[in-house]
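**Student:** What follows is a structure written as C-alpha cells; I'll ask about it next.
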Amino acid sequence: MSGPLRAAALLLAAVVVGVVAGLALVRGDDEPASTERLRSAPLTARTAIRPRVHLFGDPLVAEVDVLLDRRRVDAATVRIDPVFTPYEQVGAATTKRSRAGDSVRLRYRYALGCFNPACVPTEGRRQIELPSVRVAYSGPSTRGRTFDSTPWPPFEVASRLGAFDVEQARWRADPRSLEPAGYRLSPGVLGAGLIGSAALLVAGAALLAGRLLPRRDATESAQPDAARASPLERAAELVELHALDGRTPDGR
Numbered sequence: 001m002s003g004p005l006r007a008a009a010l011l012l013a014a015v016v017v018g019v020v021a022g023l024a025l026v027r028g029d030d031e032p033a034s035t036e037r038l039r040s041a042p043l044t045a046r047t048a049i050r051p052r053v054h055l056f057g058d059p060l061v062a063e064v065d066v067l068l069d070r071r072r073v074d075a076a077t078v079r080i081d082p083v084f085t086p087y088e089q090v091g092a093a094t095t096k097r098s099r100a101g102d103s104v105r106l107r108y109r110y111a112l113g114c115f116n117p118a119c120v121p122t123e124g125r126r127q128i129e130l131p132s133v134r135v136a137y138s139g140p141s142t143r144g145r146t147f148d149s150t151p152w153p154p155f156e157v158a159s160r161l162g163a164f165d166v167e168q169a170r171w172r173a174d175p176r177s178l179e180p181a182g183y184r185l186s187p188g189v190l191g192a193g194l195i196g197s198a199a200l201l202v203a204g205a206a207l208l209a210g211r212l213l214p215r216r217d218a219t220e221s222a223q224p225d226a227a228r229a230s231p232l233e234r235a236a237e238l239v240e241l242h243a244l245d246g247r248t249p250d251g252r
C-alpha cells in the first residue's frame, strides 16, 4: 500500500473510533443522569424542538421524553397536555415506549405547522416560546393526581424573503407617481342621463295608458241598449218604428 493511501486509511479509522467513543460517552453520561433524576423524583420530563431555526411554513417536530420509575408511577396514567399556540398540531401524535429494568421511557412526538400571520417574522427572524407542557400522572408514591410542568426550549422562525428581496419587489409602486383616475363619461353626466331616460320611459308609459283607457270606455258606452233590453221591449220598439216609417197598415 502506498504512503498516501495508508495515511488516508489510518485517518478514516481514527475518525470512526472517535465517533464510536463519543457516542458511548454521551450515552454513558445520559443514562446515569437519568437514573440520578429518578432517585429524587418518580418522573422526569424533557422537551425538544427540531429544528431550532426554521423558515416560515416549514414543519416542526416537538418531542416530550418522559422517564419514570414504574415502582412509583403507573405508566398507563401518564397524560401529556401540550399547547402549541400559535402553531398547530398536524395529524395525530406518535408514542414510543421502552423499558430497562424498573425505568420506563415514554416518547411523544408531535408534528407542528404554523399557517397564520402570528408566526410571520417581522424583522428577518423571530423567537418563539411555546407555553409549558403539563404532564399528569399517578401511582403508589403519589397522593391522587400529580401535575408537573416542563418548558419548551425557545426556537426561531426566519422569513423566506430578505431585505433585498423586499426592496427589489417589482410590484411595489409609489402612489404619488400614479395618474389621476379618468373617465370616458363623467359619473355625474352619466347619472343625470340615466335618470332622464327613466323619466322619459315613465312619461311614455303614462301617455300610452291615457290613450287606451278612454277609447275602451267609449266602446263600452256605444253598445246598443237593445243588447241589454228584454224581448218585449225590443218588440215594442219595432212596432213604434213601423208606425213612424209611413208604410201601409198591411206592411206594418
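What the sequence shown shows, in this note's numbering, is residues 1 to 252, in sequence order. A virtual CB, placed ideally from N, CA and C, is assigned to each residue, including glycine.
On the DSSP letters alone, give me the boundaries of the beta strand (DSSP E) that F301 sits inside.
**Tutor:** Outside the displayed range of the chain (1 to 252) lies residue 301, so it cannot be described from this structure.
**Student:** Looking at A75: is its Cβ nearer than 8 Å to the Cβ of Y110?
**Tutor:** No, Cβ-Cβ distance for A75 and Y110 is not below 8 Å.
**Student:** Should V66 be labelled buried (16 or more other beta-carbon atoms within 10 Å of its own) or exposed?
**Tutor:** The residue in question, V66, is buried, as its Cβ has 16 or more Cβ neighbours within 10 Å.
**Student:** Three or more beta-carbon pairs under 8 Å between the stretch 132-144 and the stretch 87-100, yes or no?
**Tutor:** Not touching, per the Cβ criterion.
**Student:** Should the stretch 46-65 be called in touch with the stretch 147-156, which here means at least 3 C-beta pairs below 8 Å?
**Tutor:** Flag = yes, the stretch 46-65 and the stretch 147-156 touch.
**Student:** Helix, strand or coil, according to DSSP, for R234 in the structure here?
**Tutor:** It is helical.
**Student:** Starting from L55 and walking both ways along the beta strand (DSSP E), at which residues does that stretch end?
**Tutor:** Segment V53 to L55, the beta strand (DSSP E) holding L55.
**Student:** Check the DSSP bridge columns for D102 and list the partner residues they point to.
**Tutor:** Answer is none; D102 lacks a bridge partner.
**Student:** Hey, out of D58, D69, L208 and A199, whose CA is closest to C114's CA?
**Tutor:** Ranking D58, D69, L208 and A199 by Cα distance to C114 puts D58 first.
**Student:** Taking E123 as the reference, give the member of G204, L200 and F56 with the closest Cα.
**Tutor:** Taking only the C-alpha atoms, the option nearest E123 is F56.
**Student:** Let me check understanding here. Comparing Cα to Cα, which of R79, R72, S141 and T146 lies closest to Y108?
**Tutor:** For Y108, the nearest C-alpha among the options comes from R79.
**Student:** Per DSSP, what are the beta-bridge partners of G113 in this structure?
**Tutor:** G113 is bridged to E88.
**Student:** Out of P117, L43, F84 and V83, state which residue places its alpha-carbon closest to the alpha-carbon of R71.
**Tutor:** Checking every option, the nearest Cα to that of R71 belongs to L43.
**Student:** By DSSP's criteria, A118 is part of a beta bridge. Which residues make up the other side?
**Tutor:** According to DSSP, A118 bridges with nothing at all.
**Student:** Are there 16 or more other CB atoms within 10 angstroms of the CB of G191, so buried, or fewer, so exposed?
**Tutor:** With fewer than 16 Cβ atoms within 10 Å of its Cβ, G191 is classed as exposed.
**Student:** Report the rounded CA-to-CA distance for G188 versus S197, giving the unit in angstroms.
**Tutor:** Straight-line Cα distance between these residues: approximately 14 Å.
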